[in-house]
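Notes follow the structure.
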Amino acid sequence: MKKYNAVIFDLDGVICHTDKYHYEAWKKVADEIGIYFDQEINNRLRGVSRMESFEIILERYNGELNESEKEFWITKKNDIYKELLKNMNTSDLSEEVKATLDGLRAANHKLAIGSSSKNARFILGQLGLGEYFDAISDGNNISKSKPDPEVFIKAAEYINEEPSNCLVVEDAKAGLKAAIAGGMDCAAIGDAVACGLGTYNLTTFSDLITITSNQKEDDDNEQ
Numbered sequence: 132m133k134k135y136n137a138v139i140f141d142l143d144g145v146i147c148h149t150d151k152y153h154y155e156a157w158k159k160v161a162d163e164i165g166i167y168f169d170q171e172i173n174n175r176l177r178g179v180s181r182m183e184s185f186e187i188i189l190e191r192y193n194g195e196l197n198e199s200e201k202e203f204w205i206t207k208k209n210d211i212y213k214e215l216l217k218n219m220n221t222s223d224l225s226e227e228v229k230a231t232l233d234g235l236r237a238a239n240h241k242l243a244i245g246s247s248s249k250n251a252r253f254i255l256g257q258l259g260l261g262e263y264f265d266a267i268s269d270g271n272n273i274s275k276s277k278p279d280p281e282v283f284i285k286a287a288e289y290i291n292e293e294p295s296n297c298l299v300v301e302d303a304k305a306g307l308k309a310a311i312a313g314g315m316d317c318a319a320i321g322d323a324v325a326c327g328l329g330t331y332n333l334t335t336f337s338d339l340i341t342i343t344s345n346q347k348e349d350d351d352n353e354q
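Take 132 as the starting number for the sequence shown in our numbering and just add one per residue.
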């Protein structure tokens, strides 16, 4: 089995669950504009930038918005979202996250975040996970969103690792495509398993420990 020196995690839907906060914020904006918005539409927004998300929402809008108007609504959505994030706590963590991160760190794996969110640092702070990660690559330092590999390429650069030495953990098809485009293996979790792009499919978060432990066993057997 291939050896990985680092694991790069998407944030929303992998480390924690922020869908309900995104949904509530976008719903308020859509209602104000007069656009139909439901959970099915919200699911299409996973892993893409704010502007791309808003363009998807606007598919049901009969009017026209200029760029400054779009920026106004995107900013308003983010302001609502950030206010909602103040309610985040450890109950929003995915199952087995802390124990798995502890295990990976104990095995000397570098850990990084690769997320299109511009609120990644705030979210990690709310969840008490800020000290777990060696680097954060997020919407504040990228110009292209997934499936472009930029966010993961930069994460690898920040931790001084070649992309081929990194394993990406993703819950969205766009994220898996980004990892593959960046020359990285990927572990699919949640809805992403069904798309069949993952190098590994995780049943639970702690499967990462098994994957990395098997690497160590293979290395030991070769000695």
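Here a beta-carbon is modelled for each residue, glycine too, at the ideal position from N, C-alpha and C.
Around the beta-carbon of A237, fewer than 16 other beta-carbon atoms lie within 10 Å, marking it exposed. Distance from the Cα of D279 is smallest, within the candidate group Y154, A137, S295, S246, for S246.
In this chain, the beta strand (DSSP E) harbouring L242 covers 241-245.
Per the DSSP secondary-structure output, A319 pairs in a beta bridge with E301, N332.
A direct Cα-to-Cα measurement between S274 and E281 gives close to 8 Å. Unbroken beta strand (DSSP E) runs of no fewer than 3 residues, entirely contained in the stretch 222-271, are found at 241-245, 266-268, following chain order. By the 16-neighbour rule on beta-carbons within 10 angstroms, G259 is exposed. A303 sits close to R177, with the two beta carbons spaced by under 9 Å. In this structure, V179 and A305 form a Cβ contact; the two beta carbons are roughly 6 Å apart against a cut-off of 8 Å.
When secondary structure is reduced to three states using DSSP, D143 falls in the strand class. The beta-bridge partner set that DSSP reports for V138 consists of L242, L298. If you look at T206, you'll find it in the alpha helix (DSSP H) that goes 198-216. The residue from Q257, G256, I166, A251 with its alpha-carbon nearest to that of S268 is A251. For V300, the closest of D265, N271, A266, L242 by C-alpha to C-alpha distance is L242. In the DSSP assignment, F283 falls within the alpha helix (DSSP H) that extends over 281-289. Sorting K159, Q257, P294, D150 by C-alpha distance to the C-alpha of G314 places P294 at the top. Residue environment analysis places S344 among the exposed positions, since fewer than 16 neighbouring C-beta atoms fall within 10 angstroms of its C-beta.
Distance from the CA of S248 to the CA of C297, rounded to the nearest whole angstrom, comes to 20 Å. In this structure Y152 is in contact with L216, their Cβ atoms being roughly 6 Å apart against a cut-off of 8 Å. One thing to note: I166 has its Cβ within 9 Å of the Cβ of I188.
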